[in-house]
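In full-length UniProt numbering, the protein residues as written are 1 to 226.
Listed below in structure tokens is the structure:
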């Protein structure tokens, strides 16, 4: 197997920002991170582009008995996306889907309150949204985020990740206005294999990064790469 592409999520974010330089300092651009792992990546992107940072909450719906396998996802605003291939192949019952969705909705609400700390969600209507995560495996969670964001009528949605499975980038390109996948290693296996440090991002780190971004208004231009 090849060596990991990135030391950690912050390095992934710096690499991703280089591919998004045409958005630097542009009015009407906002970076939205998928918590929790996407926040360190997005923080670097937003800082280097000189644009605002916020979060967009999405929760994976894990398959009963195989929680790491996504049968779908839910996002802020009540949007739900199901992976019909997984649901049908494993004969997952509707009551199992509903029970999982209710549990994840509670966690989504908890995180929304904890991360925002009273700050209102950003108004994305008419804006260009750069939607960032630490990587794409199946892409189910990101598809849920894109579908939920469409309802809010942004001008454009750019999906941007440091590393991804090639087929997931291809499928996301059908629903996003633009997609940036810095690395698409083969075979892919999982997102975590392509980072040397892939420790879980904790709530406190997310809150600190968001608070820092809120307290320091973005500059009018891109940050130096130094």
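Ideal placement from N, C-alpha and C gives every residue a C-beta, glycine not left out.
Other residues of its chain near residue i: CB distance less than 7 Å, five sequence neighbours each side excluded
i, result
"residue 220", "Caution is warranted here: a pLDDT of 45 is assigned to residue 220, below 50, making its placement in the model unreliable, and the coordinate value is therefore given only provisionally. Within the same chain, residue 220 has close Cβ partners 25 and 50."
"residue 111", "35 and 57"
"residue 171", "139"
"residue 90", "63"
Beta-carbon proximity of residue i to residue j, cut-off 7 Å
i, j, result
"residue 148", "residue 79", "yes"
"residue 133", "residue 34", "yes"
"residue 100", "residue 61", "yes"
"residue 140", "residue 73", "yes"
"residue 36", "residue 201", "yes"
"residue 150", "residue 30", "no"
"residue 183", "residue 5", "yes"
"residue 135", "residue 166", "no"
"residue 124", "residue 152", "yes"
"residue 44", "residue 93", "no"
Residue environment, residue i, which counts as buried when at least 16 other CB atoms sit within 10 Å
i, result
"residue 11", "buried"
"residue 206", "buried"
"residue 65", "exposed"
"residue 174", "exposed"
"residue 104", "buried"
"residue 83", "buried"
"residue 168", "buried"
"residue 40", "buried"
"residue 106", "exposed"
"residue 224", "The pLDDT assigned to residue 224 is 38, lower than 50, so where the model puts this residue is not dependable; a value taken from the coordinates is nonetheless given after this. It is exposed - the Cβ of residue 224 has fewer than 16 other Cβ atoms within 10 Å."
"residue 211", "exposed"
"residue 9", "buried"
"residue 77", "exposed"
Anticipated Cβ contact below 8 Å, residue i with residue j, distance rounded
i, j, result
"residue 53", "residue 180", "Going by Cβ atoms, the distance from residue 53 to residue 180 rounds to 17 Å, so no, they are not a contact pair."
"residue 131", "residue 87", "Wrong, their Cβ atoms sit about 24 Å apart, outside the cutoff."
"residue 129", "residue 162", "Actually they are not in contact, since the Cβ atoms of residue 129 and residue 162 sit about 18 Å apart, beyond 8 Å."
"residue 75", "residue 145", "5 Å"
"residue 20", "residue 55", "Contact flag wrong, Cβ pair sits at about 18 Å."
Same chain only: Cβ atoms within 8 Å of residue i, ignoring 5 sequence neighbours per side
i, result
"residue 7", "195, 196 and 197"
"residue 69", "62, 63 and 86"
"residue 97", "61, 71, 72, 82 and 87"
"residue 185", "2, 5, 163 and 194"
"residue 227", "Because the chain here runs from 1 to 226, residue 227 falls outside it and cannot be looked at."
"residue 122", "30, 32, 52 and 54"
"residue 102", "none"
Beta-carbon proximity list for residue i, same chain, < 6 Å, skipping 5 on both sides
i, result
"residue 226", "Interpretation of residue 226 is limited by its pLDDT of 32, a score under 50 that renders its predicted location unreliable; the figure taken from the coordinates is listed afterwards. Around residue 226: no qualifying Cβ."
- Task: With a floor of 3 residues, list each beta strand (DSSP E) that falls wholly inside the UniProt domain "Phosphoribosyltransferase" (12-165), ordered by position along the chain.
- Result: 29-33, 53-55, 58-63, 66-75, 79-82, 128-132 and 156-163
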